[in-house]
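Peer 1: Starting off with a structure, shown below.
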Amino acid sequence: MRKICIESFGVKVNISTEFEEDFLQIEKILTTGLGGCFRIIDEVNGGFHFHIGGKEEKALFLDGEEIYKGSQDAVMEVFDSKLRVGIACRADKTFIHAGAVGWKGKAIIFPGFSYKGKSALTAEFVKLGADYYSDEYAVLDEKGLVHPFPKYLSLRGIIDDLKQVDTPVESIGGKVGKDPIPIGMVLITEYEPGVSWNPEFLSQAQGMLEIVSHTVPFSERPAETLKFLKKALDGAKIIKQKRGEAAEFARKVLQML
Amino acid sequence: MENLRPIARREDIVVQEANNELLVYDLRNNKAHCLTETAAFIWNCCDGKNSIQQIRQKTEERFDSKVNEDFVLLALEELNREGLLETPIETGFAKISRREALRKVGVAAMIVLPLVASLSVPNTALATACCFGLPCTSPAQCTPPCTTCSGGTCI
């Protein structure tokens with residue numbers, strides 16, 4: 050049995066496996082999936098416990114309950130995703146499901162659901178010189194500042210259009226943002242081929258309406274979250290604009306700032 | 003209409019002001035609503051004491067602009083539609099399309115129209131609910147990103 054205990058954004062996680070080969074994979078996931086945003090701790094009191102075990106098939110357990118069974122790759126993929134979700138849900142910071150980059154000392158965040166092109170757009174901003182913060186969660190502290198959560202970019206189109214490949218931002222010529230920064234712009238965007246550039250500027254309340262659905266603790270603490278979002282969005286430009294190709298869109302956005 | 007004294011619903015809702023607009027979250031149906039400045043003002047006037055005429059007058063004073071009764075009724079219909087009034091009231095706008103209503107009111111209005119934009123959080127919020135680890139008996143009870151109900155918990 051191998052085990053590792055970590056703390057990430059105030060969340061304690063105990064991870065154990067019966068298989069030596071999985072342990073290396075777990076260590077890799079902590080790097081690629083949490084972007085180094087964790088520290089190893091001795092023991093876990095509270096928090097949650099992932100365990101990888103099983104006999105004929107591998108299985109992933111959460112707090113003693115089997116939550117997934119399948120091939121090694123599939124189990125690791127589920128573990129990778131559920132580890133982040135679990136941390137996002139219980140963290141001492143607010144997680145907004147969004148891509149986030151830094152530009153001229155301000156964050157550009159673009160909330161979006163999975164499979165809506167956040168990673169591709171993040172990569173294009175980074176290629177144009179923006180600092181990388183995250184392609185999955187904009188992590189905000191109590192002052193509304195965006196912190197780096199530099200998990201590896203999950204890029205499609207490397208093997209095929211569906212399979213995501215974890216890619217370090219440095220491999221596309223980018224660099225990770227270091228400092229917490231205020232939100233300068235929120236982009237409400239989704240892909241629509243051939244769309245023309247005609248950005249609509251939203252009010253703060255309209256922006257909040259768009260963002261609440263992407264804010265992880267919202268349904269648990271709506272009043273606190275709304276108050277927090279108001280503060281975080283003070284002074285930010287909020288723009289709604291469908292986008293065609295990510296590269297062209299990113300260029301136009303940066304020209305506005 | 004003179005006897006109508008609408009009352010804004012205040013129970014089971016969370017309100018956040020933002021530059022005179024309001025973001026209202028309805029805990030009963032998990033819907034979020036954005037009220038324009040004028041809709042927010044009219045909603046706040048709905049205290050069960052103000053008549054439609056009085057609300058109209060207050061709106062004129064507050065925004066320093068002439069508004070007609072239809073302007074207030076449009077706001078009330080918007081609030082009606084989203085369940086933000088204690089008791090639904092008959093505005094005359096319910097049976098006409100929103101576009102028609104806007105045309106009727108908008109021509110005369112020189113200020114921001116009293117509109118309510120809404121978003122159903124659970125239906126669209128694939129990332130909202132923090133259901134991780136919450137008890138469940140079927141996947142339908144889990145809101146993404148926790149899409150699976152396994153071992154009695156959402157993951």
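If you're matching them up, the sequences are chains F and A in order. Each residue of the first sequence is one higher than the one before, starting from 50 at the first, in the working numbering. Each residue of the second sequence is one higher than the one before, starting from 3 at the first, in the working numbering. Cβ coordinates follow ideal geometry from the N, Cα and C atoms, glycine included.
Just verifying my parser: in three-state terms, what is the DSSP assignment at residue 274 of chain F?
Peer 2: Within the first sequence, residue 274 of chain F is the residue found at index 225, counting from 1. Reduced to three states, the DSSP call for residue 274 of chain F is helix.
Peer 1: Mind checking if residue 125 of chain A is an interface residue toward chain F, Cβ cutoff 7 angstroms exclusive?
Peer 2: Locating residue 125 of chain A in the second sequence gives position 123, where the first residue counts as 1. In this predicted model, residue 125 of chain A has a pLDDT of only 38, less than 50, meaning its place in the structure is not dependable enough to derive any value.
Peer 1: For residue 169 of chain F versus residue 195 of chain F, is the C-beta spacing smaller than 7 angstroms?
Peer 2: The residue given as residue 169 of chain F occupies position 120 in the first sequence. The residue given as residue 195 of chain F occupies position 146 in the first sequence. In this structure, residue 195 of chain F does not lie closer than 7 angstroms to residue 169 of chain F by Cβ.
Peer 1: Given residue 17 of chain A, which residues of its chain have a CB within under 7 angstroms of its CB, disregarding the five upstream and five downstream residues?
Peer 2: Locating residue 17 of chain A in the second sequence gives position 15, counting from the first residue. Counting only Cβ-Cβ distances below 7 angstroms, and skipping sequence neighbours, we find 24 and 26.
Peer 1: Could you compute how far the alpha carbon of residue 91 of chain F sits from the alpha carbon of residue 125 of chain F?
Peer 2: Along the first sequence, read from residue 1 onward, the residue named residue 91 of chain F stands at position 42. Along the first sequence, read from residue 1 onward, the residue named residue 125 of chain F stands at position 76. Approximately 23 angstroms, taken between the alpha carbons.
Peer 1: Is residue 118 of chain F close to chain A, meaning its C-beta is less than 7 angstroms from at least one C-beta of that chain?
Peer 2: Locating residue 118 of chain F in the first sequence gives position 69, where the first residue counts as 1. No, its Cβ sits nowhere closer than 7 angstroms to a Cβ of chain A.
Peer 1: Whole angstroms is fine: what's the gap from residue 167 of chain F's alpha carbon to residue 160 of chain F's?
Peer 2: Sequence index remark: in the first sequence, residue 167 of chain F carries index 118 (1-based). Sequence index remark: in the first sequence, residue 160 of chain F carries index 111 (1-based). Between residue 167 of chain F and residue 160 of chain F, the C-alpha separation is close to 8 angstroms.
Peer 1: Considering only C-alpha positions, which residue in the set F:105, F:60 and F:181 is nearest to residue 136 of chain F?
Peer 2: Within the first sequence, the letter at position 87 stands for residue 136 of chain F. Of F:105, F:60 and F:181, the smallest CA-CA separation from residue 136 of chain F is found for F:60.
Peer 1: Would you identify the three-state DSSP class for residue 54 of chain F, choosing helix, strand or coil?
Peer 2: On the first sequence, position 5 is the one that residue 54 of chain F refers to. Correct three-state label for residue 54 of chain F: strand.
Peer 1: Contact defined as beta carbons within less than 8 angstroms: I believe residue 197 of chain F pairs with residue 225 of chain F. What is the distance between those atoms, to the nearest angstrom?
Peer 2: Position 148 of the first sequence, counting from 1, holds the residue named residue 197 of chain F. Position 176 of the first sequence, counting from 1, holds the residue named residue 225 of chain F. Indeed they touch by this definition, with Cβ atoms about 6 angstroms apart.
Peer 1: Which one or two residues does DSSP pair with residue 152 of chain F in a beta bridge?
Peer 2: Here the question's residue 152 of chain F lines up with position 103 in the first sequence. Beta-bridge pairing links residue 152 of chain F to F:155.
Peer 1: Any C-beta of chain F within less than 7 angstroms: which residues of the stretch 6 to 22 of chain A qualify?
Peer 2: 16, 18, 20 and 21
Peer 1: When the Cα of residue 297 of chain F is compared with those of F:190, F:172, F:260 and F:262, which residue comes out closest?
Peer 2: The sequence position of residue 297 of chain F within the first sequence is 248, counting from 1. Out of F:190, F:172, F:260 and F:262, the CA that lies nearest to the CA of residue 297 of chain F is found in F:172.
Peer 1: Within 7 angstroms (strictly less), CB to CB, does residue 76 of chain A reach chain F?
Peer 2: Position 74 of the second sequence, counted from the first residue, corresponds to residue 76 of chain A. Not an interface residue.
Peer 1: Going by beta carbon distance, what residues of the same chain come within less than 7 angstroms of residue 112 of chain F, once the five residues before and after it are set aside?
Peer 2: Along the first sequence, one-based indexing puts residue 112 of chain F at 63. Once the five neighbours on either side are set aside, the close Cβ partners of residue 112 of chain F are 97 and 98.
Peer 1: Which word fits residue 66 of chain A, buried or exposed, when buried means at least 16 other C-beta atoms lie within 10 angstroms of its C-beta?
Peer 2: As a first step, residue 66 of chain A is located in the second sequence; it is residue number 64 there, counting from the start. Residue 66 of chain A should be labelled exposed.
Peer 1: Listing by chain order, which chain F residues have their CB less than 7 angstroms from the CB of residue 157 of chain A?
Peer 2: Position 155 of the second sequence holds residue 157 of chain A. Near residue 157 of chain A (Cβ distances below 7 angstroms), the residues of chain F are 111, 116 and 131.
Peer 1: Roughly how many whole angstroms lie between the Cα atoms of residue 276 of chain F and residue 103 of chain F?
Peer 2: Here residue 276 of chain F is taken as the residue at index 227 of the first sequence, counted from 1. Here residue 103 of chain F is taken as the residue at index 54 of the first sequence, counted from 1. So the two alpha carbons sit approximately 45 angstroms from each other.
Peer 1: Determine, using beta-carbon pairs with one atom in the stretch 96 to 116 of chain A and one in the stretch 59 to 73 of chain A, whether at least three such pairs fall under 8 angstroms.
Peer 2: yes
Peer 1: Would you mind sorting residue 131 of chain A into buried or exposed? The rule is 16 or more other CB atoms within 10 Å of its CB.
Peer 2: Position 129 of the second sequence holds residue 131 of chain A. Reliability of the predicted coordinates at residue 131 of chain A is poor, the pLDDT of 41 falling under 50, and no value is obtained from them.
Peer 1: Residue 182 of chain F to residue 246 of chain F, Cα distance in whole Å?
Peer 2: Here residue 182 of chain F refers to the residue found at position 133 when the first sequence is read from its first residue. Here residue 246 of chain F refers to the residue found at position 197 when the first sequence is read from its first residue. Going from the Cα of residue 182 of chain F to the Cα of residue 246 of chain F covers about 26 angstroms.
Peer 1: Roughly how many angstroms lie between the CA atoms of residue 14 of chain A and residue 148 of chain F, to the nearest whole one?
Peer 2: Locating residue 14 of chain A in the second sequence gives position 12, counting from the first residue. Locating residue 148 of chain F in the first sequence gives position 99, counting from the first residue. Straight-line Cα distance between these residues: approximately 32 angstroms.
Peer 1: Of the choices F:242, F:303, F:260 and F:180, whose alpha-carbon is the least far from that of residue 229 of chain F?
Peer 2: Taking the first sequence and counting its residues from 1, the one referred to as residue 229 of chain F is at position 180. The candidate whose alpha carbon is nearest that of residue 229 of chain F is F:180.
Peer 1: Is the beta carbon of residue 78 of chain A closer than 7 angstroms to that of residue 141 of chain A?
Peer 2: What you label residue 141 of chain A is simply residue 139 of the second sequence in a count that begins at 1. What you label residue 78 of chain A is simply residue 76 of the second sequence in a count that begins at 1. Going by C-beta atoms, residue 141 of chain A is not nearer than 7 angstroms to residue 78 of chain A.
Peer 1: List the residues of chain F that residue 117 of chain A touches, going by C-beta distances under 7 angstroms, in chain order.
Peer 2: Indexing the second sequence from 1 puts residue 117 of chain A at position 115. None at all; the shortest Cβ gap to chain F is about 11 angstroms.
Peer 1: Does residue 55 of chain F pass the burial test, meaning 16 or more other C-beta atoms within 10 Å, or should it be called exposed?
Peer 2: Reading the first sequence from its first residue, position 6 is the one you call residue 55 of chain F. It is buried - the Cβ of residue 55 of chain F has at least 16 other Cβ atoms within 10 Å.
Peer 1: When DSSP labels each residue in this structure, what does residue 30 of chain A get in the three-state scheme?
Peer 2: Counted from its first residue, the second sequence places residue 30 of chain A at position 28. Coil.
Peer 1: So, under 8 angstroms CB-CB, residue 101 of chain F and residue 67 of chain F are touching, yes? Tell me the CB distance rounded to an integer number of Å.
Peer 2: For this step, residue 101 of chain F is matched to residue 52 along the first sequence. For this step, residue 67 of chain F is matched to residue 18 along the first sequence. Confirmed, Cβ separation roughly 7 angstroms.
Peer 1: Going residue by residue through the stretch 155 to 234 of chain F, where are the continuous alpha helix (DSSP H) segments of at least 4 residues, counting only ones entirely within it?
Peer 2: With a minimum length of 4 residues, the continuous alpha helix (DSSP H) runs that stay inside the stretch 155 to 234 of chain F are 167 to 176.
Peer 1: Check whether chain A comes within 7 angstroms of residue 252 of chain F, counting only Cβ atoms and requiring the distance to be less than that.
Peer 2: Start at 1 with the first residue of the first sequence, and residue 252 of chain F comes out as number 203. It does: the Cβ of residue 252 of chain F has a partner Cβ on chain A nearer than 7 angstroms.
Peer 1: Locate the beta strand (DSSP E) running through residue 289 of chain F, then write down its first and last residues.
Peer 2: On the first sequence, residue 289 of chain F is found 240 positions in, with the first residue counted as 1. Unbroken beta strand (DSSP E) run through residue 289 of chain F: 286 to 289.
Peer 1: Classify residue 138 of chain A as helix, strand or coil using the three-state DSSP reduction.
Peer 2: Sequence index remark: in the second sequence, residue 138 of chain A carries index 136 (1-based). Three-state result, residue 138 of chain A: coil.
Peer 1: Which term fits residue 242 of chain F, buried or exposed, when burial requires 16 or more other beta carbons within 10 angstroms of its beta carbon?
Peer 2: As a working note, residue 242 of chain F is residue 193 in the first sequence. The residue is exposed, with fewer than 16 neighbouring Cβ atoms inside 10 Å.
Peer 1: Over what stretch of residues does the beta strand (DSSP E) that includes residue 110 of chain F continue unbroken?
Peer 2: Start at 1 with the first residue of the first sequence, and residue 110 of chain F comes out as number 61. Per DSSP, residue 110 of chain F belongs to the beta strand (DSSP E) from 107 to 111.
Peer 1: Are the beta-carbon atoms belonging to residue 78 of chain F and residue 64 of chain F less than 7 angstroms from one another?
Peer 2: Position 29 of the first sequence, counting from 1, holds the residue named residue 78 of chain F. Position 15 of the first sequence, counting from 1, holds the residue named residue 64 of chain F. No.
Peer 1: Take residue 265 of chain F as the anchor and find which of F:107, F:140, F:305 and F:62 has the nearest alpha-carbon.
Peer 2: On the first sequence, position 216 is the one that residue 265 of chain F refers to. It is F:140.
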